[in-house]
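*Asks:*
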Amino acid sequence: MDPYGWLRSLVPQSNSIPRTLLVVLLLYSFTSQFLPIEPYLVPYLTSVKNFTNYQVATSIFPISVYAQLIFTLIMAPACYYLSHKLVITLGAFGLFLTYLIAWYGQSLVAMQIMQVIYGFGTSARLVFSPYIFLLVAEEEYQTMTSLTQTVSLLSFVLASELGQFLALKDAAYEIFFIISLTALGVCCTLTFLLPKDHSSSSFPSLTILWHPSEGWNAKLKETWNGRSLKILSLWWAVAFAGISLVQNYGTNLFDAIDPQSKFNGHILAVSEAAGSLGSYYAIYIDKFANRSRQLIYLLGSAFMGILCISMGVYANIWGAYVFYVTICAIYRTFACLVSVQCGRLLQNGQFILLFSINNFVGLLIETLLQAAVELSGLSIFLQFIAFSGLFFVATAIFICFSYIDNGRDTSDMYMISEPEPEYILSDCVPQAG
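Those letters in the sequence shown? Residues 1 to 433, per the UniProt record's numbering, in order.
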């Protein structure tokens, strides 16, 4: 009788990769997000480092936004000319260095450098999903994406609740940092256990970046080939921008409705827990989403837009909590579905290019709308009504393209492409057969 059989039964089985590698992938997903210090970084900087709230809001945190925007755009070239594994490893060490500087750094310049490194580390996280697509067969894209996302979100929930517990016990900030850095140290170690991939010689060299037939411009056109992939990519970017703004300003809305509420931190944790459930159940919704001819995305974005408006109109704290948790859960479900469906539709196997550009466009939309909203001086309630417009734009994208394609041959529009040949890591970045 196997004494460890019960333990192995807890780990899902994959037909594409060994169970030990699956454990490494899940542990990486968990440790990269287990950061109890993160929700308390602002009070740490103001109460311990003696920076003012104005300095934190205008001279420190905005740096990471712009850094993330730039680093997200260059993730694809970095993976092509280096390797996915190396970028993931550098990203993990970048996050480790981020919190080390936050702990020991003293000057404003040190905090700004910390935010630049944080921008790189968070951007490098997006490499993990396309890297998984290189490891597994197409039929396991959804399962692996959902599992790793579920574990990441559960890790965030546990770290948040641990941080809340430590805060209530008036624990020293050093304990927060020690736990966070220990988790990131394990994460850095795990990256060395990932299978190695290699840069691809088939991609444009630095001397022909924008050559019309060989450079990156041609590679971009080749990647987004097909109406369905373009529409899903637009939905991906717009919905990403919308949910990011909702999450960025969620606590501001809660505070405006009820400044005395003590449940805000728990609600953020509950929203991520609901998101983890949504990510997991995307495995079971996947086939229905394919058969729905993408109607499910239209309905999902419309419903998120209605929820966003409700948050801005219905000034009740428990109503806002319910709407917030619901919209986060719905988005996480659709985020898992849309990234996998885009990966299946991709004909040239350039997963990192797909993820990098789609996320960059989403971040750019988020940054521009956030700047516009702040300059406009809208109340927090009107801001949420403005944010809903992004979800309705995502809905309109599907409606407009459906109208344009009415009467045409839409076999490209709503169907998943034919399975591509299987790829192995020794082939470097996969190419269409």
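Here a beta-carbon is modelled for each residue, glycine too, at the ideal position from N, C-alpha and C.
Hey, quick one: how far does the alpha helix (DSSP H) through Leu363 stretch, first residue to last?
*Replies:* Note, Leu363: alpha helix (DSSP H), Phe351 to Ser376.
*Asks:* Taking 7 angstroms as the limit between beta carbons, can you name the residues of its chain near Met114, skipping five residues before and five after?
*Replies:* Answer for Met114: Thr98, Ile101, Ala102 and Gly105, listed in chain order.
*Asks:* Please report the Cβ distance between Tyr321 and Ile267, rounded to the nearest whole angstrom; I am assuming they are in contact, meaning their Cβ atoms lie under 8 angstroms.
*Replies:* With 8 angstroms as the limit, Tyr321 and Ile267 qualify as a contact, their Cβ atoms being about 5 angstroms apart.
*Asks:* For Thr191 and Gly185, what's the separation of their Cα atoms in angstroms?
*Replies:* About 10 angstroms.
*Asks:* Which term fits Ile74, buried or exposed, when burial requires 16 or more other beta carbons within 10 angstroms of its beta carbon?
*Replies:* The residue in question, Ile74, is exposed, as its Cβ has fewer than 16 Cβ neighbours within 10 Å.
*Asks:* Quick one: grab the DSSP three-state call for Asp409.
*Replies:* In this predicted model, Asp409 has a pLDDT of only 44, less than 50, meaning its place in the structure is not dependable enough to derive any value.
*Asks:* Distance check for Asn50 and Asn358, CA to CA, integer angstroms please.
*Replies:* Taking the straight line joining both Cα atoms gives about 38 angstroms.
*Asks:* Start and end of the alpha helix (DSSP H) containing Pro77?
*Replies:* First-last of the alpha helix (DSSP H) with Pro77: Phe61 to Tyr81.
*Asks:* Which stretch, first to last residue, makes up the alpha helix (DSSP H) that contains Leu277?
*Replies:* Looking at the DSSP string, the run of the alpha helix (DSSP H) that includes Leu277 is Asn264 to Arg291.
*Asks:* Identify, in the order they occur along the chain, each residue of the same chain with its Cβ nearer than 6 angstroms to the Cβ of Ser388, setting aside the five sequence neighbours on each side.
*Replies:* Correct list, in chain order: Gly305, Cys308 and Ile309.
*Asks:* Would you identify the three-state DSSP class for Gly300, choosing helix, strand or coil?
*Replies:* Reduced to three states, the DSSP call for Gly300 is helix.
*Asks:* So Lys219 and Leu345 are supposed to be a Cβ contact under 8 angstroms. How far apart are they, rounded?
*Replies:* Between Leu345 and Lys219 the Cβ distance is about 16 angstroms, and since that is not below 8 angstroms, they are no contact.
*Asks:* Can you tell me where the alpha helix (DSSP H) holding Val151 begins and where it ends?
*Replies:* Val151 -> alpha helix (DSSP H) spans Tyr141 to Leu168.
*Asks:* What residue from Val393, Gly242, Leu364 and Thr333 has the CA that sits closest to Phe384's CA?
*Replies:* Considering only alpha carbons, the answer is Gly242.
*Asks:* By the DSSP assignment, the alpha helix (DSSP H) with Ala320 in it spans what residues?
*Replies:* It spans Ile317 to Leu345 - the alpha helix (DSSP H) in which Ala320 sits, taken as one unbroken run.
*Asks:* Counting pairs of beta carbons, one from the region 54 to 61 and one from the region 154 to 169, are three or more of them closer than 8 angstroms?
*Replies:* No, the region 54 to 61 is not in contact with the region 154 to 169.
*Asks:* Please determine if the region 278 to 292 and the region 147 to 163 are in contact, where contact requires at least 3 C-beta pairs separated by less than 8 angstroms.
*Replies:* Output reads yes: the region 147 to 163 touches the region 278 to 292.
*Asks:* Taking only runs that begin and end inside the region 169 to 200, name each unbroken alpha helix (DSSP H) of 4 or more residues, in chain order.
*Replies:* Here the runs fully enclosed are 173 to 191.
*Asks:* Please state if the CB of Pro36 and the CB of Phe176 are separated by a distance shorter than 7 angstroms.
*Replies:* Cβ atoms of Phe176 and Pro36: closer than 7 angstroms.
*Asks:* Would you call the region 138 to 148 in contact with the region 83 to 92, where contact means no fewer than 3 C-beta pairs closer than 8 angstroms?
*Replies:* Cβ pair count under 8 angstroms is below three, so no.
*Asks:* Taking C-alpha atoms, which residue in Ala371, Arg125, Phe120 and Met144 lies nearest to Val23?
*Replies:* Per the Cα distances, Met144.
*Asks:* What span of residues does the alpha helix (DSSP H) with Lys119 cover, start to end?
*Replies:* This sequence places Gly at residue 119; Lys is not what is there. Residues Leu108 to Arg125.
*Asks:* Is the number of C-beta pairs between the region 287 to 297 and the region 158 to 167 that are closer than 8 angstroms three or more?
*Replies:* No, because fewer than three Cβ pairs between the region 287 to 297 and the region 158 to 167 fall closer than 8 angstroms, the two stretches do not touch.
*Asks:* Kindly indicate which three-state DSSP category Asn15 falls into: helix, strand or coil?
*Replies:* In the structure shown, Asn15 sits in coil (DSSP, three-state: anything other than H, G, I, E or B).
*Asks:* Where does Ser376 land, buried or exposed, given buried means 16+ other C-beta within 10 angstroms?
*Replies:* The residue is exposed, with fewer than 16 neighbouring Cβ atoms inside 10 Å.
*Asks:* Near Val270, which residues of its chain fall below 6 angstroms by C-beta distance, leaving aside the five closest residues on each side in sequence?
*Replies:* Answer for Val270: Val325, listed in chain order.
*Asks:* To the nearest whole angstrom, what separates the beta carbons of Ser301 and Ala237, a pair I think is in contact under 8 angstroms?
*Replies:* Not a contact, Cβ separation roughly 12 angstroms.
*Asks:* State the DSSP-derived secondary structure class of Ser379, mapped to helix, strand or coil.
*Replies:* Three-state result, Ser379: coil.
*Asks:* Grab me the residues of Asp412's own chain with a C-beta within less than 8 angstroms of its C-beta, minus the 5 sequence neighbours each way, in chain order.
*Replies:* Since pLDDT at Asp412 reaches only 48, below the 50 mark, its modelled position is unreliable, and no value is offered.
*Asks:* Determine whether the beta carbon atoms of Ile17 and Leu135 lie at a separation below 7 angstroms.
*Replies:* Yes, the pair counts as a contact, with Cβ atoms nearer than the cut-off.
*Asks:* Distance check for Tyr40 and Ser107, CA to CA, integer angstroms please.
*Replies:* So the alpha carbons of these two residues sit roughly 19 angstroms apart.
*Asks:* Can you look up Asn348 in the DSSP assignment and give me helix, strand or coil?
*Replies:* In the structure shown, Asn348 sits in coil (DSSP, three-state: anything other than H, G, I, E or B).
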